[in-house]
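Asks: Chains A and B, in that order, are what the protein sequence lines are.
According to UniProt numbering, the first sequence is numbered sequentially starting from 1.
According to UniProt numbering, the second sequence is numbered sequentially starting from 1.
Even for Gly, the Cβ is constructed at its ideal location relative to N, Cα and C.
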Amino acid sequence: MGPEEDGTNPMDEDGDGDAEEQGRDMEAWEKAYAEDRSWEALTEDASGLLLAVDVTQQQRQHRRRFAASKGPRIQRGIIRYVFVVCDFSRAAAEADFKPSRMGAVANCVEAFVREFFDQNPLSHLGLITIRNGVARRLTDLSGSPEAHIRALRANLECSGDASIQNAIDLARGYLSSIPSYGHREVVILYSALSTCDPGDIMDSIAECKKANIRCSVVGLSAEIYICKTLCDKTGGVYSVAISESHLKELVLEHAPPPPAVAESAVASLVRMGFPQRGAEGTVALCACHREVKLGGGYTCPRCKARVCELPTECHICGLTLVSSPHLARSYHHLFPVPGFEEVSVQLQSMGKFDVLRLCYGCQQELPTAGSKAIAGVRLECPRCKQHFCFDCDVYIHESLHNCPGCESLVK
Amino acid sequence: MDALNATDDISQVVILLEANPYFWGGRSNGAHSTGPANFTFDRFLEHVLLFINSLHLLNQANRIVVIATGATSCAYLYDSNAAELSENARTARVSKKLSVVEKITQKLEDFMSKEAVYDLNQGTEDNRYSLLSGSLSMALCYIQRILRGPSPHPLPRILCLQGTPDAPPQYIAVMNAIFSAQRSLVPIDACIVGNHHSAFLQQATHITGGIYMKPPAPEGLFEYLSMVFATDLYSRKFLQLPRASGVDFRASCFCHKKSIDMGFVCSVCLSIFCKGQRTCTTCNAIFAPSKQPNPAAAAAQKRKVS
Ligand SMILES: [Zn+2]
Ligand SMILES: [Zn+2]
Ligand SMILES: [Zn+2]
Ligand SMILES: [Zn+2]
Ligand SMILES: [Zn+2]
Ligand SMILES: [Zn+2]
Ligand SMILES: [Zn+2]
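(1) In or out: residue 281(A) buried (at least 16 other Cβ within 10 Å) or exposed?
(2) Terminal residues of the continuous beta strand (DSSP E) containing residue 83(A)?
(3) Measuring CB to CB, does residue 410(A) end up less than 9 Å from residue 164(B)?
(4) Express the C-alpha separation of residue 248(B) and residue 94(A) in angstroms, rounding to a whole number.
(5) Near residue 76(B), what residues of its chain come up, given a Cβ to Cβ distance below 6 Å and the 5 sequence neighbours on each side ignored?
(6) State yes or no: is the beta carbon of residue 399(A) nearer than 9 Å to at least one beta carbon in chain B?
(7) So residue 81(A) and residue 123(A) are in contact, right, with Cβ under 8 Å, and what is the actual spacing, rounded?
(8) Do residue 317(A) and residue 303(A) come within 9 Å of each other at the CB atom, strictly closer than that value?
(9) Between which residues of its own chain and residue 134(B) is the CB-CB distance below 6 Å, once the five residues before and five after are set aside?
(10) Whole alpha helix (DSSP H) runs in the region 232 to 303 of chain B with 4 or more residues, listed along the chain?
(11) Do you know whose CA, among 12(B), 198(B), 178(B) and 204(B), lies nearest residue 58(B)'s CA?
(12) Grab the span of the beta strand (DSSP E) containing residue 396(A) for me, first residue to last.
(13) Can you list every residue whose CB sits closer than 6 Å to some heavy atom of ligand 6, going in chain order?
(14) Grab me the residues of residue 154(B)'s own chain with a C-beta within less than 8 Å of its C-beta, minus the 5 sequence neighbours each way, in chain order.
(15) Say whether chain B places a C-beta atom closer than 9 Å to the C-beta of residue 319(A).
(16) For a cutoff of 9 Å on Cβ pairs, would you count residue 273(A) as touching chain B?
(17) Output, in chain order, the set of chain A residues within a Cβ distance shorter than 8 Å of residue 264(B).
(18) Output needed in chain order: residues of the region 122 to 153 of chain B with a Cβ under 7 Å from some Cβ in chain A.
(19) Using a Cβ cut-off of 9 Å (strictly closer), state whether residue 329(A) contacts chain B.
(20) Taking C-beta pairs closer than 8 Å, name the residues in chain A that residue 63(B) reaches, listed in chain order.
(21) Using a beta-carbon distance below 9 Å, is residue 407(A) in contact with chain B?
(22) Closer than 8 Å, Cβ to Cβ, to anything on chain A: give me those residues from the region 172 to 188 of chain B, in chain order.
(23) Would you say the beta carbon of residue 287(A) comes nearer than 8 Å to a heavy atom of ligand 2?
(24) With H, G and I counted as helix, E and B as strand and the rest as coil, what does DSSP make of residue 103(B)?
(25) Mark residue 202(A) as exposed unless 16 or more other C-beta atoms lie within 10 angstroms of its C-beta, in which case mark it buried.
(26) Quick one: list the residues of chain A neighbouring residue 15(B), beta-carbon separation under 8 Å, in chain order.
(27) Please list, in chain order, the residues of the region 253 to 283 of chain B that have any C-beta partner in chain A closer than 8 Å.
(28) On the DSSP letters alone, give me the boundaries of the alpha helix (DSSP H) that residue 134(B) sits inside.
(29) Could you tell me the alpha carbon to alpha carbon distance between residue 51(B) and residue 225(B), rounded to whole angstroms?
(30) Please report the distance separating the alpha-carbon of residue 252(A) from that of residue 90(A).
(31) Run down chain A in chain order and give the residues with a C-beta less than 7 Å from the C-beta of residue 110(B).
(32) Of all the options 107(A), 376(A) and 367(A), which has the alpha carbon lying nearest to the alpha carbon of residue 148(A)?
(33) Since I believe residue 101(A) is in contact with residue 92(A) (beta carbons under 8 Å), could you give me their beta-carbon distance rounded to a whole number of angstroms?
(34) Check each residue's C-beta against every heavy atom of ligand 7 and list, in chain order, those closer than 7 Å.
(35) For residue 115(B), I'd like the list of residues in its chain whose CB is within less than 8 Å of its CB, leaving aside the five on either flank, ordered along the chain.
(36) Please state whether DSSP places residue 340(A) in a helix, a strand or coil.
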């Protein structure tokens, strides 16, 4: 597998792996049954005898469900700048979440950071902790998931009071300097039941609203009025977790770009470079750490400086450097494969499809009107008119995002 | 991944064969060939057929599929699974081996003649490209069928034998295929028989964990194929295989389908353009006139001015 800049999540980036997520706290054997639900497909006749499963009907159902689940096209490329605030006051030491609130928060933030960069390849994220009434920036806004996770793991202790005002003031300070096309957000994971602030928190909330910073809070104890106000005023979401898995679910809800934002965001054209990766085993001086590094590394196309990780800004000429495959992961949403149409049995019986005996994709034999040997539906691509089996239809539209027939034609 | 099991060294190899008549200059007149000197299509095919036979010899249970990547179409040429089904179980191995060669040459003959006719009729500049996105997509569909089949199934991998340069219009489709291969843990290997490196296949091998190689001497193709690309996925862990000589991460611009290493990206839909523009032609977003976003660049520009 390639290194992490290509995204290590084997699942599709847009939550095609949702079933897995929800099945998290079931046993493996339970999951197999829960997902399959094969008993539901069984039908009885009048005398209570089981009837054979109708494959064709099942396949049609799956296709109907899939077509219905495809909502309006979501715009994915919003460039977000998010500070994640972890409340590590003494309330985080409580053990009502396992292993402790702090441990649960750390686990969730780790999962969130990975998911966030998978879904928002060009976005930036930073971490802030609250401890002893003071907010401290743990990591700068940057694009490297591993750096955030490392910093968080190295800073796991909790004490003192919590202060929402200090946290949002600190985050606002950093977020006010980001480019205008960026969308600013703060996500707070809050354990305490109170906030111990140096001034009037309402002023800070108003400042956030003015600076277009969307603040959301995931609580670990009970609903708190001031958190609700903060979220309401700034357009964020307030939720309170009741268990570890619920907490994770709530936190991960912040990974995809907020839908309302997609419309309001200011679009802009950003100049970017797509650096080449150096040969393994070469020695080069990197511009970011000013060190001699062995192997890998990327070369800025504008000034030829060497950087260690992507995405980043070139330390010499300031060009935004990204890995082009990272951008390409979302392109199938822009150019989706047209839905295939079922070929009716009537047309089949006219003998028109003699030549198309096999599925164009996988060479599997396709069902024909006459024979009962192969059950299921036969599908046609409206563009290239090639025929496909049900399995290929599912694979092409849910994972591959290419029609093999259309791709085998000169455009 | 699961550790040692019975199918560790049984492979399902899908070979994507460069069969672009424009590249090979036709089988009769090598004069117009854009391919490597002294290396005709017949020689190339000889090496590949030897390689296919040696894959069968390495492990009798190995399965092989060959798909032709042409300039105007793609087609399945050979499927060892289908061959086994159609033939009687206990025919002599010699005759079976012979039939592999015959089958492939026969199908290829048909394929190339169709390609050539098409070529004459609507010969365009685009014929210098082959339809890699098509054959890759077909290979992945086939592999999904194997993965759906009875377990334990052989370990699938794809080997691209490419000669023609990358086709920038195929950029998105090729990337889609690469990501899908990555998700199904299918490595894509690439052996370049032409004169150009392939940025597409460098990225494909890098992302899926396959091997990329451009043999310095195509006359020795069989050597490279059997020494490097014949190794099954399990054995690769123990071998010193050629290491990537860098990866070209150039993208194609959406406006002219040109390969670029620097460009402009729409912040909403991530479309790439080679020149600045007022609106996004993909998502219709209107771009706010923004100043250079980062101070470092501004500083660098100031320095240049003064
Ligand atoms: Zn997707
Ligand atoms: Zn460095
Ligand atoms: Zn630079
Ligand atoms: Zn199929
Ligand atoms: Zn099609
Ligand atoms: Zn262009
Ligand atoms: Zn756009």
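Replies: For this structure:
(1) The residue in question, residue 281(A), is exposed, as its Cβ has fewer than 16 Cβ neighbours within 10 Å.
(2) Where residue 83(A) is concerned, the enclosing beta strand (DSSP E) stretches over 80 to 87.
(3) Not closer than 9 Å, so no.
(4) Distance between the alpha carbons of residue 94(A) and residue 248(B) is about 51 Å.
(5) The beta carbon of residue 76(B) sits closer than 6 Å to those of 67, all from its chain and outside the five residues before and after it, given in chain order.
(6) It does: the Cβ of residue 399(A) has a partner Cβ on chain B nearer than 9 Å.
(7) The C-beta separation of residue 81(A) from residue 123(A) comes to about 7 Å, placing the pair in contact by the 8 Å criterion.
(8) Residue 317(A) is positioned such that its CB atom lies closer than 9 Å to that of residue 303(A).
(9) The residues are 74.
(10) Unbroken alpha helix (DSSP H) stretches of 4 residues or longer found wholly inside the region 232 to 303 of chain B: 233 to 236, given in chain order.
(11) Comparing Cα positions, the closest option is 12(B).
(12) Segment: none, residue 396(A) is in no beta strand (DSSP E) and carries neither H nor E.
(13) Counting only heavy atoms of ligand 6, the residues whose C-beta sits closer than 6 Å to one of them are, along the chain, 253(B), 255(B), 256(B), 258(B), 273(B) and 274(B).
(14) Correct list, in chain order: 7, 10, 11, 12, 61, 62, 63 and 146.
(15) For residue 319(A), the answer is yes, since a Cβ of chain B falls inside 9 Å of its Cβ.
(16) Chain B has a Cβ within less than 9 Å of the Cβ of residue 273(A).
(17) Within 8 Å Cβ-Cβ: 269, 270, 271 and 272.
(18) If the cut-off is 7 Å between Cβ atoms, the region 122 to 153 of chain B has 126, 131, 133, 134, 137, 138, 140, 141, 142, 144, 145 and 148 near chain A.
(19) Contact of residue 329(A) with chain B is assigned, a C-beta pair being separated by under 9 Å.
(20) Residues of chain A whose Cβ lies closer than 8 Å to the Cβ of residue 63(B) do not exist; the shortest such Cβ separation is about 13 Å.
(21) Yes, residue 407(A) counts as interfacial toward chain B.
(22) Of all residues in the region 172 to 188 of chain B, those with a C-beta nearer than 8 Å to a C-beta of chain A are 172, 173, 175, 176, 177, 178, 179, 180, 182, 183, 184 and 185, reading in chain order.
(23) Because some heavy atom of ligand 2 lies under 8 Å away, the Cβ of residue 287(A) counts as near it: yes.
(24) Residue 103(B): helix per DSSP, three-state reduction.
(25) Per the 10 Å Cβ criterion, exposed.
(26) Residues of chain A passing the Cβ test: none, with the nearest at roughly 15 Å.
(27) Within the region 253 to 283 of chain B, the qualifying residues are 260, 261, 262, 263, 264, 265, 266, 267, 268, 269, 270, 271, 272, 273, 276, 277, 280, 282 and 283.
(28) Element bounds for residue 134(B): 132 to 148.
(29) Approximately 7 Å between the Cα atoms of the pair.
(30) If you draw a straight line from the Cα of residue 252(A) to the Cα of residue 90(A), it comes to about 24 Å.
(31) The contacting residues do not exist; residue 110(B) stays about 14 Å from chain A at best.
(32) For the options 107(A), 376(A) and 367(A), the alpha carbon positioned closest to that of residue 148(A) is the one of 107(A).
(33) Right, the Cβ-Cβ distance comes to about 5 Å (below 8 Å), so this counts as a contact.
(34) Going by the Cβ distance cut-off, the answer is 267(A), 266(B), 268(B), 269(B), 271(B), 280(B), 282(B), 283(B) and 285(B).
(35) Apart from sequence neighbours up to five positions away, the residues of its chain that approach residue 115(B) with a beta-carbon distance below 8 Å are 19, 20, 21, 70, 71, 72 and 73, ordered along the chain.
(36) Three-state DSSP puts residue 340(A) in coil, outside helix and strand.
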